[in-house]
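Residue numbers (this note's numbering), protein chains in the order written: chain A, 10 to 294; chain B, 3 to 350.
For each residue, glycine too, the CB sits at the ideal point set by N, CA and C.
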Amino acid sequence: MAAALRNVTTYDLKLAAPLALGFVVFFITPLVILLALSFQADPQGSHYGLTQYVNFLGDRFSLGVLGSTLWLGVKVTALTLLLGYPVAWLHQRAPSWAKGTIMLLVLLPLLTSVVVRTFAWVVILGRQGIVNASLAGLGLIDTPLKLLYTESGVVIALAQVQMPLMVLPLITALSRIDPNLADASSVLGSGHWRTFRKVILPLSLPGIVAGCLLTYAAAITAFITQSLIGGGQMLFMPMYIYQQASTLQNWPFAAAISIVFLVAVLVVVSIFNALGRLSRGYTNA
Amino acid sequence: MLLTRRNLMQTALTLGAMHAFPGLTWAQARPLVFATFTGSWEEAHKAVLVPAFRKAAGNADMVLDPMLSVDQIAKVNAAKNNPPIDVMLHDPGPALQAVAQGLVEPYPVDKSAHYKDLIPAAQEPSGPAPFFQVVGLTYNPETVKTPPTSWADLWKPEFKGRVGITNLNSTLGTGFMVELAKMHGGSESNIDPAFKAIEALRPSLAAVAANPGQLATLFQQGQIDISPGNFNAIQILKARGVPVEWVAPKEGAIAFKTTIHIVKNSPNRELAFKLIEAALSPEVQAILMEEPYLIVPTNTKVAMKGEIAKALAKDHADLEKKFVFQDWAKINEQRAAWIERFNREIRV
Chain A
10 MAAALRNVTT
20 YDLKLAAPLA
30 LGFVVFFITP
40 LVILLALSFQ
50 ADPQGSHYGL
60 TQYVNFLGDR
70 FSLGVLGSTL
80 WLGVKVTALT
90 LLLGYPVAWL
100 HQRAPSWAKG
110 TIMLLVLLPL
120 LTSVVVRTFA
130 WVVILGRQGI
140 VNASLAGLGL
150 IDTPLKLLYT
160 ESGVVIALAQ
170 VQMPLMVLPL
180 ITALSRIDPN
190 LADASSVLGS
200 GHWRTFRKVI
210 LPLSLPGIVA
220 GCLLTYAAAI
230 TAFITQSLIG
240 GGQMLFMPMY
250 IYQQASTLQN
260 WPFAAAISIV
270 FLVAVLVVVS
280 IFNALGRLSR
290 GYTNA
Chain B
3 MLLTRRNLMQ
13 TALTLGAMHA
23 FPGLTWAQAR
33 PLVFATFTGS
43 WEEAHKAVLV
53 PAFRKAAGNA
63 DMVLDPMLSV
73 DQIAKVNAAK
83 NNPPIDVMLH
93 DPGPALQAVA
103 QGLVEPYPVD
113 KSAHYKDLIP
123 AAQEPSGPAP
133 FFQVVGLTYN
143 PETVKTPPTS
153 WADLWKPEFK
163 GRVGITNLNS
173 TLGTGFMVEL
183 AKMHGGSESN
193 IDPAFKAIEA
203 LRPSLAAVAA
213 NPGQLATLFQ
223 QGQIDISPGN
233 FNAIQILKAR
243 GVPVEWVAPK
253 EGAIAFKTTI
263 HIVKNSPNRE
273 LAFKLIEAAL
283 SPEVQAILME
293 EPYLIVPTNT
303 KVAMKGEIAK
313 ALAKDHADLE
323 KKFVFQDWAK
333 INEQRAAWIE
343 RFNREIRV
């Protein structure tokens, strides 16, 4: 009697009900309200239409803000990957006592608040900050460089602040690679560089994609770091939304910007996901 | 009693439950909620205003819930019939918005003991002004040897790359722009000259801060040497040992009324009135005028003393002469357009 046996490989979906309920009440509902709000033609809600979207999409300034925000994410993600990969690689190769230390160093930033980490960068990048003081001390510059309130400052600070999001998936991906593969590759005559390019890098692709996805999403929405390091002149989407919703009380336009931003991010995320699927195919091949 | 694991757990759970469900211990309606501003405002209100209110209201419960003006409006707007806030505190711009959106109960002027003692500019029937904020010039005395005397000094060549301003999201930034417009022949309804002036200021700008609080950080980091600044914010920095000084420019310091309002449909109207009365009373205003708060009093029964008398005005008549008040009803009409224009034009 096969029917009497409980199938232990499937799980009751009811277990997910509390989370699903929370998801519906606290995420789906507000999102629907946001969408409805974005179709109001004016803040009073006297009539509905696509006015807000036309205003945003027909405006080169607004599109510029969206573009620069998405581009900021790309730059931060690239820098984080460049700096984070060696750390993950080091972790993978280190003796076990050092592994714990590296892991602690990677996790340490997560234990302090983003505001504190960002303020540290204000101190580092300032005119009398560590960077300018050391450069001046070495006699390399006469007048302090402007680092704070510049886009490069924002990219550097965001890359550090979001670093754990990149390094942790990379460590996971790298530690799943069988160390024998690298040995086999060198026995077969490959140098270190070729082994890295042909074996390690392809096998760690899922980790790279996951890390990039997390870093990207965190970087473009990082309201605090963007405004503290970027200042009042650099306008990115989170600040644009805040300005419209809070200072100007123009909720419909703010809602429309949020939806446009959400869609743009979803597009980027699906590109990452497609890359991730490709990379899985690559790994299994 | 032995401290066993079991009764420790029990106590912890009970305390936890009381925290999670405050209704267990709180049978009556919610306490009075006063949405003050964050930072030094909250500190001053917690230390002086709350005790004074408790004394006047027979130890009634009250909660300080500090947040920005715009957030107060958003929260009350989201629940007009059962507002989560009883007393709001507003800068002039948001105050007019709140009144226009019908979120404010008119102040019971006839019942008030202190209303008639306020200086005329502070007597607002929609909500009186217990405090002023004053904007003048802030500078670093270590790098700026001759103290500035006029807004026009910001354009001096020696301050090239050393000037800080804020964008128009803040009352300070907007008020400063209006003052610039007035200096160059404009007004609250003609802001063009201010934008031209800022354009000319661009080579001097070291930073455009996202909010006035950031200006403080920028002074601390030596990123800027001179900027428009709020008198109170600078006193706090000074007290922490940062080399900053504040002067009123000869054109007159910009003064903003900070008004206090009873929220419409508040369930605690009586207590809200008592809190506002306490804020208007000469006793509270006299203490708030002293170090470290240095809040400008609006009650004429309070004699100006100390740093305020020295840096701002020796009495209330002097104050009305030296302060510049702006027409925020006119400013609000076009503020959205100005913010938009600032976004577009003042880019680096």
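Check: Contact check, B:P94 vs B:Q328, beta carbons under 9 angstroms; Outcome: yes
Check: Minimum C-alpha distance to A:P95 - residue among A:S288, A:T230, A:I209; Outcome: A:I209
Check: Contact check, A:G240 vs B:A280, beta carbons under 9 angstroms; Outcome: no
Check: Own chain partners of A:G58 with C-beta closer than 8 angstroms, once the 5 adjacent residues on each side are dropped; Outcome: F48, A50
Check: 9 angstroms Cβ cutoff, A:Q169 in contact with chain B; Outcome: no
Check: Whole-angstrom distance between B:F134 and B:I297, CA atom to CA atom; Outcome: 7 angstroms
Check: Interface residues of chain A facing B:I298 [CB-CB closer than 9 angstroms]; Outcome: Sequence inspection shows Val at residue 298 of chain B; the Ile mentioned does not correspond to that position. Within 9 angstroms Cβ-Cβ: nothing; B:V298 doesn't reach chain A, min ~25 angstroms.
Check: Sufficient close CB pairs (3 or more, under 8 angstroms) joining the segment 160-170 of chain A to the segment 127-140 of chain A; Outcome: yes
Check: Length of the line joining the Cα atoms of B:P269 and B:D88; Outcome: 7 angstroms
Check: Any chain B beta carbon closer than 9 angstroms to A:K155; Outcome: yes
Check: Supposed close pair B:V326, B:A257 - CB separation, criterion 8 angstroms; Outcome: 7 angstroms
Check: Limits of the unbroken beta strand (DSSP E) element including B:S191; Outcome: From DSSP, B:S191 is part of no beta strand (DSSP E); its letter is neither H nor E.
Check: Beta carbon proximity, B:L239 to chain A, threshold 9 angstroms; Outcome: no
Check: Contacts that B:Q223 makes with chain A (C-beta to C-beta distance below 9 angstroms); Outcome: V131, V132, L134, G135, R136, Q137, G138, L157
Check: Beta-carbon proximity of B:I167 to B:G175, cut-off 9 angstroms; Outcome: yes
Check: Residues in the segment 326-347 of chain B having any Cβ partner in chain A nearer than 8 angstroms; Outcome: R337, A338, I341, N345, R346
Check: Distance, B:T140 Cα to B:V246 Cα; Outcome: 7 angstroms
Check: Neighbour-count burial assignment, A:S122, 16 or more Cβ in a 10 Å radius; Outcome: exposed
Check: Environment of B:G60 [buried if 16+ CB atoms lie within 10 Å]; Outcome: exposed
Check: Contacting positions in the segment 254-285 of chain A - beta carbon closer than 9 angstroms to chain B; Outcome: A254, S255, T256, L257, Q258, N259, W260
Check: Boundaries (first-last residue) of the alpha helix (DSSP H) holding A:F1; Outcome: Not covered by the structure: residue 1 of chain A. The range shown for chain A is 10 to 294.
Check: Closest Cα partner of B:G370 within the set B:A250, B:S172, B:V265; Outcome: Here chain B has residues from 3 to 350 only, and residue 370 of chain B is not among them.
Check: Contact set between the segment 45-75 of chain A and chain B, restricted to residues whose Cβ is under 7 angstroms from the partner; Outcome: F70
Check: Same chain only: Cβ atoms within 7 angstroms of A:A97, ignoring 5 sequence neighbours per side; Outcome: V176, L179, I180, L183
Check: Of the residues A:L99, A:R102, A:L144, A:V170, the one placed nearest A:V125, counting alpha carbons only; Outcome: A:V170
Check: With 16 other Cβ atoms within 10 Å as the buried cut-off, status of A:N189; Outcome: exposed
Check: Contact set between the segment 124-151 of chain B and chain A, restricted to residues whose Cβ is under 8 angstroms from the partner; Outcome: none
Check: Three-state secondary structure (DSSP) of B:V52; Outcome: helix
Check: A:L271 versus A:L44: straight-line alpha-carbon distance, rounded; Outcome: 11 angstroms
Check: Listed by chain order, chain A residues near B:D73 by CB distance under 8 angstroms; Outcome: S255
Check: Pairwise C-alpha distance: B:E181 and B:V35; Outcome: 35 angstroms
Check: Nearest-angstrom Cα separation, counted from B:N267 out to B:A58; Outcome: 23 angstroms
Check: Residues that DSSP places opposite B:Q135 in a beta bridge; Outcome: B:F258
Check: Nearest-angstrom beta carbon gap, B:I200 and B:L156 [assumed within contact, 8 angstroms]; Outcome: Incorrect: roughly 10 angstroms between the Cβ atoms, too far for contact.
Check: Burial state of A:A254 (16 or more Cβ within 10 Å); Outcome: buried
Check: Cα-Cα separation, B:W43 to A:G82; Outcome: 37 angstroms
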